[in-house]
Amino acid sequence: MLLPITLTLAAACALLNMWLGIRCARIRISDHVLHGDGGSALLAKRMRAHANFIEYVPVTLILFGLVELAVGASIWLWGAALALVLARIAHGFGMDAEKPTVWRGAGALLTWAVMVGMAVAALTVAYGATREVPAPPAMAMVR
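Under numbering that gives the first Met the number 0, the sequence shown has 92 at position 93, and the numbering climbs by one with no breaks.
Spelled out as structure tokens, the structure:
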């Protein structure tokens, strides 16, 4: 199977995205809020948690896919994927509070650590690899 870690992570992130959206929708329905936050502090926080997810997760998923494509599946990639999922869950819960919480802070810091780690891994793969570039499989058959 191609990219099992990225596929698993993408599926988990899709479910997390739905969870974050449903948390907003429940308040919208109960408070009859069609647009914006309707003055609800809790809805504003949950909308921000959802937006924060959308700001950080897509580029990190892209990095996971490209690194996994380049180096293959590995235990450290599985660990980083699990860390990202746990970070985003913690951040989602932590955003409900009126004051900064350990959940919010840990979720944000762990998300950043995974994103930067994946960026470093991508750069290491890109510039640490041999400069000899093999022909793509379709081109290799033409001789």
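Ideal Cβ positions, reconstructed from N, Cα and C, are used throughout, including at glycine.
Keep in mind the model is a prediction, meaning the values are calculated, not measured.
Annotated three-state conformation of Met94 is coil, per DSSP.
For Ala40 and His90, the gap between their C-alpha atoms comes out near 17 Å. In this structure the segment 25 to 39 does not touch the segment 50 to 63; the number of beta carbon pairs closer than 8 Å is below three. Counting only residues of its own chain and dropping the five nearest sequence neighbours on each side, Phe92 has a CB closer than 6 Å to the CB of Trp102. In this structure, Trp18 is the residue among Trp18, Leu68, Arg25 and Arg27 with its C-alpha nearest to the C-alpha of His49.
Its chain contains Asp30 as the residues whose beta carbon lies nearer than 7 Å to that of Gly37, once the 5 sequence neighbours on both sides are disregarded; these appear in chain order. Excluding the 5 residues flanking it on each side, Met114 has same chain C-beta neighbours closer than 6 Å at Thr59, in chain order. Of the candidates Asp95, Ile88, Glu67 and Ala107, the residue whose Cα lies closest to the Cα of Met0 is Glu67.
Exposed is the label assigned to Thr123, since fewer than 16 other Cβ atoms lie within 10 Å of its Cβ. With fewer than 16 other CB atoms across the displayed protein chains lying within 10 angstroms of its CB, Gly104 is exposed. Nearest to Ala82 by alpha-carbon distance, out of Ile26, Ala13, Ile28 and Leu109, is Leu109. If you ignore the 5 residues before and after Ile4, its C-beta comes within less than 7 Å of the C-beta of Phe63, Glu67, Ala72, Leu76, Trp77 and Ala80, all in its own chain and listed in chain order.
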